[in-house]
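Chains as they are written, first to last, in my numbering: chain A, 357 to 583; chain B, 158 to 441; chain C, 317 to 654.
Every residue, glycine too, gets a C-beta built ideally from N, C-alpha and C.
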């Protein structure tokens, strides 16, 4: 339901995305991995409509909602208000739907979002995105700054969303193991280009991911090992 | 004692206008990071328009209400000029609003002439703590308090108000959920028009305003807003009232019309004091 | 130095140098021909003030809505210095820019740490307070202002009439332009330009942000003080009404129209706006127009100029013309080569 074709996005004179093509089917969970500066956030922001492509296309059949990097709360507002604002662009806002999917949120609805822990804020961010009843959840750095046990719980929620609601997920994630574990398919991005796409299981074994993250260092290590 | 009460009440009435204008600055600045220099002009417009409407055409309350609404619309127009063009840096917008205030002056002279104008207000006196005070001034205080309460409710209870607060506190996240931050900016400008117009409508019956009153009104309002750090409407209210009272007390007891100067001096002092706390934050 | 200029003009006539020389010649000749020297003098003095303001606004991104406060400081130095402190006129004139600069530094150190609008309103507040102080304290003129400022001169040789002051002002303008040119092209100037681009980047490159901003602020105040001192000698009378807020706003308009952050922007802006206003003045005093036509047109022009200039020609006249001429020359050069 998401078709990206030869997408080129520029920041001033620098090219952030250089002809990226990617598809996400209905109900699919796709991971987007790659080193810093590869363009992952740029891609997510373009899909969300925050950035305009210089050329190429982004076609979405349905709604996209973003869970941004760093949670991006409205800190002085309550959890409930944060969630309500997530429904800004739709007509029939229903807090109860989100509370059904993420029951913990109901318990903290009156608390100020700025006072919550990182994991709680991440849940609020997901809930806020869910208010728009999206067909695709675009998540930028799920695990950043969070303890593993918290991340596991969030991952469970995502699996539930995907299996029960059929919400597609595009997950940008530094933690490659988490990404491959959660998503059946993965796409490796490096320097604004897609290096390889395919089933996560295969990519986990291949060199492509290593090369993308460590580049020449990987070859250096091989040379060192030979000495 | 009764003298003191008179100064106090007069000062509170004047300070209420500063507080209302100041809250206009705050609303716009929080959402757009722009300081709207034309804020004072909106107060003058409110005074002039209410004088015209009340001069035998519309009854009280209706006339004032229409005036305030019109000022709100004009406020939105100011916003369109100030922030309508994408990518205008806030300081440029400030100077653009300076230009807008000059257009206001031209329009006001053209439509109403150069003489000070004082619309009819609430007549009569009341006794407060043994002193005779004009009922108009008491009305100003009451209406101001109601306005601030309404403003606070607007921001915390209504959906648009929450969207405005969100745009102010995290414009990136606001955009993410689909809020048009620039349109919110225009709403803020409209709101500041309403607040400014109300200030003029309330003040003018006691203190006549003319086309050049926009400068002292803007400065007094900005001084009140500075007290609130350009973010807190409540502190702006306190600051405005304090400024008004301090000015009246100096005018009454120290002789001479140093009111504006006292307000300006206090404003400079607060800004300088604030700069030190700014430096502390940077040092962390 | 004249030989140097002439040799450059004759070998490779760059349009800019030609323009500058022509302008210089016109400026030297004009006072001899013009009937109204007061208008010319005010224009030259405005150019001095606005040159400083243009650099301040263009390079440190700060706006000063009350630059008149520093003009007043300079004027007061001369007025009080010569009439009450019995200073020799020349000494008073030399002190004027220094006092103004010191005043600015005092206020600037705290205010420049804050966002731009604090300085904008702060300078405006300063102007109004200076006006109030002038009206209140007798030593600063009190209700009647300060009159009887002696003519400028050394010992027994004094200026007679308006002409000498006009040429002195032109000389000061030239000095100010030279100083600005030197400052902008110095290491300090490059640091300031870096600040205008990005404060964090500049600071990490070692540019002392606050100190640089205060220096530029004080420099612009010094220019204003110099103009103030000269004006005190020219109309040998000052009062609080000599420095209205509208005048300070006019400086901003001139700076914006001429081109922020340029050396010649002040001159261009001052000339364009002054001439425009003079034309408007004549137009609005035509018979048949109501007496309010004059202020209406004046305010409307100010407002429209400011808004249009900022929104549609934000770089001002000088950079826009520069860019246009540059493109023209490029095309010529390419045409010749190809």
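Residue j beta carbon less than 9 Å from that of residue i
i: residue 394 of chain C; j: residue 508 of chain C; result: no
i: residue 169 of chain B; j: residue 356 of chain B; result: no
i: residue 544 of chain C; j: residue 424 of chain C; result: no
i: residue 346 of chain B; j: residue 232 of chain B; result: yes
i: residue 421 of chain A; j: residue 543 of chain A; result: no
i: residue 324 of chain A; j: residue 399 of chain A; result: No answer is possible for residue 324 of chain A: it lies beyond the span of chain A, which begins at 357 and ends at 583.
i: residue 240 of chain B; j: residue 339 of chain B; result: yes
i: residue 436 of chain C; j: residue 381 of chain C; result: yes
i: residue 548 of chain A; j: residue 373 of chain A; result: yes
i: residue 386 of chain B; j: residue 420 of chain B; result: no
i: residue 255 of chain B; j: residue 428 of chain C; result: no
i: residue 274 of chain B; j: residue 200 of chain B; result: no
i: residue 371 of chain C; j: residue 496 of chain C; result: yes
i: residue 438 of chain C; j: residue 424 of chain B; result: yes
i: residue 394 of chain B; j: residue 381 of chain B; result: yes
Interface flag, residue i vs chain B, CB-CB below 9 Å
i: residue 443 of chain A; result: yes
i: residue 429 of chain C; result: yes
i: residue 437 of chain C; result: yes
i: residue 538 of chain A; result: no
i: residue 492 of chain C; result: no
i: residue 440 of chain A; result: yes
i: residue 453 of chain C; result: no
i: residue 406 of chain A; result: yes
i: residue 613 of chain C; result: yes
Buried or exposed by the 16-neighbour rule on C-beta atoms within 10 Å, applied to residue i
i: residue 280 of chain B; result: exposed
i: residue 477 of chain C; result: exposed
i: residue 511 of chain C; result: buried
i: residue 438 of chain B; result: Legend: pLDDT at residue 438 of chain B = 47, less than 50; position of this residue unreliable, value from coordinates given subsequently. Residue 438 of chain B comes out exposed.
i: residue 259 of chain B; result: buried
i: residue 643 of chain C; result: exposed
i: residue 417 of chain A; result: exposed
i: residue 158 of chain B; result: exposed
i: residue 562 of chain A; result: exposed
i: residue 408 of chain A; result: exposed
C-beta neighbour in chain C for residue i, strict 9 Å
i: residue 379 of chain B; result: yes
i: residue 417 of chain B; result: yes
i: residue 167 of chain B; result: no
i: residue 231 of chain B; result: no
i: residue 374 of chain B; result: no
Reduced DSSP secondary structure (H/G/I, E/B, other) of residue i
i: residue 554 of chain A; result: strand
i: residue 438 of chain B; result: Here the model assigns residue 438 of chain B a pLDDT of 47, short of 50, so the residue's position is not dependable, and the following value carries that caveat. Residue state, collapsed to three classes: helix.
i: residue 314 of chain B; result: helix
i: residue 221 of chain B; result: helix
i: residue 639 of chain C; result: helix
i: residue 208 of chain B; result: helix
i: residue 525 of chain C; result: helix
i: residue 424 of chain C; result: helix
i: residue 447 of chain A; result: coil
i: residue 543 of chain A; result: strand
i: residue 656 of chain A; result: Since the first and last residues shown for chain A are 357 and 583, residue 656 of chain A lies out of range.
i: residue 462 of chain C; result: strand
Min CB distance residue i to chain A below 9 Å
i: residue 333 of chain B; result: yes
i: residue 369 of chain B; result: no
i: residue 315 of chain B; result: no
i: residue 327 of chain B; result: yes
Start and end residues, beta strand (DSSP E) containing residue i
i: residue 496 of chain A; result: 492-496
i: residue 367 of chain A; result: 358-367
i: residue 422 of chain A; result: 420-423
i: residue 285 of chain B; result: 282-285
i: residue 525 of chain A; result: 524-528
i: residue 376 of chain A; result: 370-380
i: residue 307 of chain A; result: Only positions 357 to 583 of chain A appear in this structure, which leaves residue 307 of chain A out of reach.
i: residue 288 of chain B; result: 288-291
i: residue 414 of chain A; result: 411-416
Where the alpha helix (DSSP H) containing residue i begins and where it ends
i: residue 488 of chain C; result: 479-500
i: residue 389 of chain B; result: No alpha helix (DSSP H) contains residue 389 of chain B, which DSSP labels as neither H nor E.
Proximal residues of chain D, C-beta to C-beta of residue i below 8 Å
i: residue 271 of chain B; result: Of the chains in the structure shown, none is chain D; the protein chains are A, B and C.
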